[in-house]
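Protein chains in written order, with this note's numbering: chain A, 110 to 314; chain B, 110 to 314. Ideal Cβ positions, reconstructed from N, Cα and C, are used throughout, including at glycine. A quick note: this is a predicted structure, and the numbers were derived from the prediction, not measured. As structure tokens, the structure follows; a few thoughts come after it.
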DNA sequence: AATAGATGTAAGAGACGTTAACATAATTTT
DNA sequence: AAAATTATGTTAACGTCTCTTACATCTATT
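If you want it as structure tokens, here you go:
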């Protein structure tokens with residue numbers, strides 16, 4: 110997640126025309142998504158930000174959807190990596206591991222609400238995209254594995270999948286409601302750690 | 110200004126230029142949202158569908174966001190009405206009532222995925238809109254009340270809110286994952302009725 | 001009937017996505 | 001090293017979108 114290139118100048122090798130346009134475009138898009146919201150940003154502005162003409166992006170991508178797909182793919186990778194990282198400190202099969210996973214998922218949504226919205230908004234037009242599906246499976250796979258270990262059952266068992274899915278629905282739902290401000294507006298105010306603990310206890314206990 | 114214009118459904122009077130443009134625009138938008146997806150439709154096309162120029166909508170709305178807000182408000186009203194309707198047959202305080210509510214929520218998402226996406230996508234730019242917040246509270250209020258009745262506690266108690274919120278997160282999350290096709294793709298295949306029953310049992314039991 | 005307000009149209013500004021025609025930098029082939 | 005090729009930019013332009021302005025017309029009120 111902390112892969113940000115501090116300055117545009119450094120990144121641009123300035124050797125080839127631009128040198129690093131592809132990744133800088135993705136970075137610009139990432140930034141604009143959070144600044145302007147996942148629906149109100151333009152490729153044209155990302156190009157401006159990268160210091161190129163509005164037609165330049167089309168030398169690297171076949172269109173806006175493909176650019177978004179690339180950004181989303183990056184983000185999902187980062188998310189999967191982060192999830193693996195945060196659960197590491199806790200022993201295999203422990204409930205703390207599950208809770209850390211949930212917290213990581215929700216933190217991602219809170220820290221990158223525009224990206225979160227894009228990830229699950231983009232599904233609308235890329236429902237059958239292989240790459241995105243793969244990334245999604247990876248994330249879910251992490252949860253299934255942790256759940257299976259906690260319950261002491263096989264990763265392949267339907268029960269593990271079911272429990273993992275139940276966890277996922279709650280964490281995913283809470284993530285949405287959080288970035289939508291619904292939780293706050295409905296006067297839900299108990300601490301999130303407690304909420305997560307209650308969720309995992311109810312689903313796995 | 111009273112924008113309610115009571116009972117718009119009296120059909121186009123056809124006396125005045127168009128007569129019923131406002132509500133027909135909303136209908137056209139509703140249709141386009143499902144046809145083209147919640148992000149790929151235009152007011153211009155809705156105007157075409159209604160048989161007017163692309164400038165006409167701006168006599169009735171102050172811009173695209175306001176149109177979307179109107180459409181979303183309508184939809185949330187309809188959803189609240191529907192939720193009250195489906196739980197009616199079941200006795201107050203019964204778990205069946207809770208399950209019917211959940212099923213209704215998910216059915217709405219499945220039947221109007223574009224609208225569902227719009228409702229929770231629009232929050233991005235209307236987070237502090239009073240009207241939308243009110244509608245949201247209405248829906249949540251229905252759940253809180255049913256939960257409180259089931260648990261035999263006061264509607265105002267934090268516990269009722271908490272349990273209702275837990276239910277909401279799961280149902281909301283499952284709705285999202287369903288329209289995103291994630292459940293299907295992850296090989297989650299147990300029947301939804303069973304899933305809902307398990308959710309309510311775990312949260313309220 | 002006269003007037004004012006409501007509701008439509010046409011024309012157009014400004015932004016965007018995208019493509020086409022063209023220019024030059026970098027790489028590969030000869 | 002020169003030539004050919006490929007990669008990556010630019011400018012100009014098309015069609016579409018949102019939204020505004022100027023104007024026309026319909027309806028209701030006085």
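query: Partners in chain B for residue 289/A, counting only beta-carbon separations shorter than 9 Å; result: 229, 232, 233, 236 and 245
query: Classification of residue 282/A by the beta-carbon crowding that lies within 10 angstroms, buried from 16 upward; result: buried
query: Residue 258/A at chain B interface by Cβ criterion, 8 Å; result: no
query: Contact set for residue 159/B: own chain, Cβ-Cβ below 7 Å, skip 5 residues either direction; result: 130, 133, 134 and 137
query: Cβ shell of residue 211/B (< 6 Å), same chain only, five flanking positions each side left out; result: 280 and 305
query: Start-to-end residues for the alpha helix (DSSP H) that takes in residue 208/B; result: 204 to 220
query: 8 Å Cβ cutoff, residue 182/B in contact with chain A; result: no
query: Pick from 312/B, 262/B, 310/B and 146/B that is closest to residue 227/B, judged by C-alpha positions; result: 146/B
query: Residue 190/A, buried or exposed, once every other Cβ within 10 Å from all chains shown has been counted against 16; result: exposed
query: Run of the alpha helix (DSSP H) containing residue 257/B, from where it starts to where it stops; result: 239 to 260
query: Span separating the alpha-carbon of residue 221/B from that of residue 198/A; result: 43 Å
query: Local conformation of residue 301/B per DSSP, three classes; result: helix
query: CB contact below 8 Å: residue 145/B versus chain A; result: no
query: Coil, strand or helix - residue 266/A by DSSP; result: coil
query: Candidates 202/A, 165/A, 156/A and 164/A: closest to residue 257/A by CA position; result: 202/A
query: Contact residues within the stretch 264 to 290 of chain B, judged by C-beta distance below 9 Å to chain A; result: 267, 270, 271, 273, 274, 275, 277, 278, 279, 280, 281, 282, 283, 284, 285, 286, 288, 289 and 290
query: Backbone secondary structure at residue 122/B - three-state DSSP; result: The predicted position of residue 122/B is uncertain, since its pLDDT is 45 and thus under 50; no value can be drawn from it.
query: CA-to-CA distance, residue 149/B to residue 245/B, given in whole angstroms; result: 25 Å
query: Test: residue 211/A CB closer than 8 Å to a CB of chain B; result: no
query: Under the three-state DSSP convention, the category residue 236/B falls into; result: coil
query: Burial state of residue 163/A, where buried means 16 or more other Cβ atoms lie within 10 Å; result: exposed
query: Per-residue contacts from residue 151/A into chain B (C-beta, under 7 Å); result: Correct list: empty, because the minimum Cβ distance to chain B is about 13 Å.
query: Cα-Cα separation, residue 205/B to residue 157/A; result: 56 Å
query: Burial state of residue 208/A, where buried means 16 or more other Cβ atoms lie within 10 Å; result: buried
query: Bounding residues of the alpha helix (DSSP H) (the contiguous stretch that carries residue 143/B); result: 130 to 145
query: Residue 299/B, buried or exposed, once every other Cβ within 10 Å from all chains shown has been counted against 16; result: exposed
query: Three or more C-beta pairs below 8 Å linking the stretch 285 to 300 of chain B and the stretch 259 to 278 of chain A; result: yes
query: Per-residue contacts from residue 297/A into chain B (C-beta, under 8 Å); result: 270, 271 and 274
query: Neighbour-count burial assignment, residue 151/A, 16 or more Cβ in a 10 Å radius; result: exposed
query: Stretch pair the stretch 260 to 269 of chain A + the stretch 169 to 189 of chain A: three plus CB contacts closer than 8 Å; result: no
query: Chain A residues whose Cβ lies nearer than 8 Å to that of residue 178/B; result: Neighbours of residue 178/B on chain A: none; closest Cβ ~14 Å, over 8 Å.
query: Exposure label - residue 218/A; buried when at least 16 CB within 10 Å; result: buried
query: 8 Å Cβ cutoff, residue 191/B in contact with chain A; result: no
query: CB-CB length for residue 192/A against residue 142/A, believed under 8 Å; result: No, residue 192/A and residue 142/A are not in contact; Cβ-Cβ is about 21 Å, not under 8 Å.
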